[in-house]
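Enquirer:
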């Protein structure tokens, strides 16, 4: 007990190295532990208390907007104090007192940051957005203080220099190399003037990225296609009902009589994909299809206060400037050094290999659609806003497959149970829904994940429906990470999607594309749930961008397996299992529209690479001109836009995927080749192979080099042939 000490004892006076390290670690924990309370006190900021909630789920009901900034400031203050304790330790640097000590720092900051970043993406409001703008440069500057701390880097460098003679495990060696590289890549070897420049650039990029994301949300929510009943020609009952429900909700929220009247007995469609795609597919009003489609592709490009053209160009230039200071030719060269593909040339080579057959196929698809339009007596040339409708007509003609015939079998609850069943058969996992825990939104649901031995594995949160205060797309994140460093900490993982909400008494019905998205994001969740590593910074999805999509995309393959489909695809009204005939049609049509799918994706990937292979000296004045030249260079056809135009390309301008959007197709090479292993043994649930997959990929995080992890599973490096076959780009289906 501290009160029993007659005089202070300094760590340097102790003779036992082990005791020194233990006391040193205790000193770090003391800073945080002094803040803890046995239970939540309503008069104290909840972030500054120990969470006594079940499984340490954040006490969302107690967290108010005004709690964030003080908690962030306290977290940053404590984080710097913890770092100072490491730097000022007068003992020789060791792995334990420096590298492991760093892994233990920033607990409070991480705690508040996880909650804030999740809610500002999935349940934001004007106050959170203002906080984002204020916090973005503050956090950037904070992390630069640590990354550019000379005393801290000196200790890391000292340990790294002695790495050959150190008695470290393989995991520790990887962590040491990662930490050292992280400091070097943050600018630790730069002079003082260069460090100041880097800090300034990082702060500005962070600020602009936040502004980009908020502008995009405003642009997406800022357009409404408000229709009368006479405008609904061609739309199915469920699409009409969803549009009427959307208008009714807006009418209920409207404050003025005038606004209420605007939505009364009307139907609303928006640029959210869950609203737009059904309209583009079914509506016979070509003029309205064009209007809604253009509202989507013009987001951030409307010359207004939420325009993103200048922001994209400025971010790209700042990244190029930073790369130059760091000694790299371009930002892409800097980023790719850490990925499986190491150079822009390797990335371009992969993308172009796929681009040529993809755009060839897309041109053939246009011919097929034009033939249908001509047969109908239409006098127009197929345009981008016609693609969904006429590709669906071609699909019906070629494969006798109608999306509306699939949806009744794909209720959200059934699909969730389907992905749970899949992971149960693969790894013995079970899921128990919990109903007595308050979450951040009524739409969100929570399950305990139990391992095959009955032990607690993780908490999983699912947040599935589109809403106006949620950004677009789908993603996985976490409210708590995994670590075995000081006891066994299991994670709290969340999937966020934008699926259509239930209408009336009917459940949420998904398209097959939605089903694949759910399996994809759950694959990311599995990466976070199954992770079992010692050090928190190496857990789950912490590996290279072009590897961490592998666990997610790999799980997608099970979604179209007949035995998996039959386990969950039950008609929401009759309970009938999806017929074999319909499954056969889905499988036969799996290569359909691959020209469009691959071309729009590859166009965006190439646009990303073009943005980030500019040098600092390159003139860059107009974002649209840059994009136009980029697309003309590769021969993108007029009927297809890049999946993400620059002004709403959140992945690369506010989402951490700069020079990395290609990762999805690189991971597709891996996942197609990896799933082929199951096909080769003739059992997609082969127990030996699924156990090996868990042990070598899903559990290992970033504890080994990504290629080594893949080889540990597959026994060799990946090959591209299975991907070309899966996508019908090998010529076999021409």
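Numbering (this note's numbering), first residue to last: 109 to 842.
All C-beta atoms, glycine included, are put in the ideal place defined by N, C-alpha and C.
Source: prediction; values computed, not measured.
Grouping DSSP H, G and I as helix and E and B as strand, with all else coil, what is residue 499?
Expert: Residue numbering aside, residue 499 sits at position 391 when the chain shown is read from its first letter. Helix, per DSSP.
Enquirer: For residue 677, is the classification buried or exposed, using 16 other Cβ atoms within 10 angstroms of its Cβ as the cut-off for buried?
Expert: Locating residue 677 in the chain shown gives position 569, where the first residue counts as 1. Buried is the call here.
Enquirer: With a threshold of 8 Å on Cβ separation, who are the neighbours of residue 770 within its own chain once the five nearest residues in sequence on each side are excluded?
Expert: In the chain shown, residue 770 corresponds to position 662, counting from 1. Contacts found: 449, 455, 458, 459, 654, 713, 716, 717.
Enquirer: Using the DSSP secondary-structure output, state which residues sit across from residue 375 in a beta bridge.
Expert: Numbered from its first residue, the chain shown carries residue 375 at position 267. According to DSSP, which records beta bridges pairwise, residue 375 is partnered with 335.
Enquirer: Do residue 783 and residue 800 come within 8 Å of each other at the CB atom, strictly closer than that value?
Expert: Here the question's residue 800 lines up with position 692 in the chain shown. Here the question's residue 783 lines up with position 675 in the chain shown. The answer is no: Cβ separation not under 8 Å.
Enquirer: Could you check if residue 273 is buried or exposed, using at least 16 other CB atoms within 10 Å of its CB as the buried criterion?
Expert: For the purposes of this step, residue 273 is identified with residue 165 of the chain shown, where counting begins at 1. Classification for residue 273: exposed.
Enquirer: Just tell me which of 150, 569, 194, 466 has its CA closest to the CA of residue 706.
Expert: In the chain shown, the residue the question calls residue 706 occupies position 598. Here the closest residue by C-alpha is 466.
Enquirer: Using a threshold of 7 Å, is the CB atom of residue 806 nearer than that to any non-hydrogen atom of the ligand GTP?
Expert: The ligand GTP is absent from the structure shown, which contains no ligand whatsoever.
Enquirer: Counting Cβ pairs closer than 8 Å, one from the segment 147-157 and one from the segment 173-181, do we hit at least three?
Expert: Result yes; three or more Cβ-Cβ pairs closer than 8 Å.
Enquirer: Determine, using beta-carbon pairs with one atom in the segment 432-451 and one in the segment 668-684, whether at least three such pairs fall under 8 Å.
Expert: With the cut-off at 8 Å, the segment 432-451 and the segment 668-684 do not touch.
Enquirer: Among all the DSSP beta bridges, which residues are the ones paired with residue 264?
Expert: By 1-based counting over the chain shown, the position of residue 264 is 156. BP columns for residue 264 are empty, so no partner.
Enquirer: Using a Cβ-Cβ cutoff of less than 8 Å, which residues in the same chain neighbour residue 257 once the five nearest sequence positions on both sides are dropped?
Expert: On the chain shown, position 149 is the one that residue 257 refers to. So the qualifying residues of the chain are 191, 195.
Enquirer: How many angstroms separate the CA atom of residue 269 from the CA atom of residue 649?
Expert: Stepping through the chain shown from its first residue, residue 269 is reached at position 161. Stepping through the chain shown from its first residue, residue 649 is reached at position 541. Distance between the alpha carbons of residue 269 and residue 649: 28 Å.
Enquirer: Let me know the beta strand (DSSP E) ranges lying completely inside the segment 499-577, each 3 residues or longer, listed in chain order.
Expert: Listed in chain order, the complete beta strand (DSSP E) runs (minimum 3 residues) inside the segment 499-577 are 538-542, 553-558, 564-573.
Enquirer: Sort 404, 637, 747, 411 by Cα distance to residue 539 and report the nearest one.
Expert: The residue you call residue 539 lines up with position 431 of the chain shown. Cα-wise, what sits closest to residue 539 is 637.
Enquirer: Given residue 291, which residues of its chain have a CB within under 7 Å of its CB, disregarding the five upstream and five downstream residues?
Expert: If you number the chain shown from 1, residue 291 lands on position 183. Correct list, in chain order: 255, 261, 264.
Enquirer: Provide the residue span of the alpha helix (DSSP H) that contains residue 600, from first to last.
Expert: In the chain shown, counting from the first residue as 1, residue 600 sits at position 492. No alpha helix (DSSP H) holds residue 600; the beta strand (DSSP E) holding it covers 600-607.
Enquirer: Please state whether the Cβ-Cβ distance between residue 689 and residue 750 is less than 8 Å.
Expert: Reading the chain shown from its first residue, position 581 is the one you call residue 689. Reading the chain shown from its first residue, position 642 is the one you call residue 750. Taking 8 Å as the Cβ cut-off, residue 689 and residue 750 do not qualify as a contacting pair.
Enquirer: Go ahead and pull the three-state DSSP assignment for residue 617.
Expert: Residue 617 sits at position 509 when you count from the first residue of the chain shown. Strand at residue 617.
Enquirer: Is DSSP giving residue 825 helix, strand or coil here?
Expert: Reading the chain shown from its first residue, position 717 is the one you call residue 825. Residue state, collapsed to three classes: coil.
Enquirer: For residue 244 and residue 223, what's the separation of their Cα atoms in angstroms?
Expert: Numbered from its first residue, the chain shown carries residue 244 at position 136. Numbered from its first residue, the chain shown carries residue 223 at position 115. Using only the alpha carbons, I get a separation of about 15 Å.
Enquirer: Let me know the secondary structure DSSP gives residue 304 once reduced to three states.
Expert: Here residue 304 corresponds to residue number 196 of the chain shown, with the count starting at 1. Of the three classes helix, strand and coil, the one that applies to residue 304 here is helix, per DSSP.
Enquirer: Report yes or no: do three or more beta-carbon pairs, one from the segment 368-376 and one from the segment 720-733, lie closer than 8 Å?
Expert: The answer is no - the segment 720-733 does not touch the segment 368-376, with fewer than three Cβ pairs under 8 Å.
Enquirer: Keeping to the same chain, check which residues put their C-beta closer than 7 Å to that of residue 311; ignore five residues upstream and five downstream.
Expert: Here residue 311 corresponds to residue number 203 of the chain shown, with the count starting at 1. Result list for residue 311: 245, 248, 249, in chain order.
Enquirer: Could you pull out every residue in the same chain whose Cβ sits closer than 7 Å to the Cβ of residue 830, ignoring the five residues on either side in sequence?
Expert: On the chain shown, position 722 is the one that residue 830 refers to. Closer than 7 Å at the Cβ level, and outside the excluded window around residue 830, lie 780, 781, 784.
Enquirer: Go ahead and pull the three-state DSSP assignment for residue 147.
Expert: Translated into the one-based positions of the chain shown, residue 147 becomes position 39. DSSP places residue 147 in coil when its eight states are reduced to three.
Enquirer: If residue 77 and residue 704 are in contact, beta carbons under 8 Å, what's the gap, nearest whole angstrom?
Expert: Since the displayed the chain opens at 109 and closes at 842, residue 77 lies outside it and no answer follows.
Enquirer: Residue 417 lies in the alpha helix (DSSP H); which residues open and close that run?
Expert: Position 309 of the chain shown, counted from the first residue, corresponds to residue 417. Start and end: 417-433.
Enquirer: Do residue 672 and residue 763 have their beta-carbon atoms positioned less than 8 Å apart in this structure?
Expert: Mapped onto the chain shown, residue 763 falls at position 655. Mapped onto the chain shown, residue 672 falls at position 564. Not a contact, by the Cβ cut-off of 8 Å.
Enquirer: Between the Cα of residue 564 and the Cα atoms of 537, 416, 394, 620, which residue gives the shortest distance?
Expert: For this step, residue 564 is matched to residue 456 along the chain shown. The shortest Cα separation from residue 564 among 537, 416, 394, 620 belongs to 537.
Enquirer: Between which two residues does the alpha helix (DSSP H) harbouring residue 177 extend?
Expert: In the chain shown, residue 177 corresponds to position 69, counting from 1. Start and end: 173-195.
Enquirer: Taking the alpha carbon of residue 389 as the point to measure from, which residue in 428, 340, 167, 366 has its own alpha carbon closest?
Expert: As a first step, residue 389 must be located in the chain shown, where it is residue number 281. Looking at the Cα atoms, 340 is the closest of the given residues.
Enquirer: Might you give, ordered along the chain, the residues of its own chain that have their beta carbon closer than 8 Å to the beta carbon of residue 631, omitting 5 neighbours on each side?
Expert: The count along the chain shown starts at 1 and reaches residue 631 at position 523. Same-chain partners within the cutoff: 659, 660, 661, 662, 663, 664.
Enquirer: In this structure, does DSSP put residue 838 in helix, strand or coil?
Expert: One-based indexing of the chain shown puts residue 838 at position 730. Residue state, collapsed to three classes: coil.
Enquirer: With distance defined between alpha-carbon atoms, name the residue in 732, 228, 267, 242 nearest to residue 199.
Expert: Along the chain shown, read from residue 1 onward, the residue named residue 199 stands at position 91. The option with the nearest alpha carbon to residue 199 is 267.
Enquirer: Rounded to a whole number of angstroms, what is the C-alpha to C-alpha distance between residue 332 and residue 378?
Expert: Numbered from its first residue, the chain shown carries residue 332 at position 224. Numbered from its first residue, the chain shown carries residue 378 at position 270. The straight-line gap from Cα to Cα measures roughly 5 Å.
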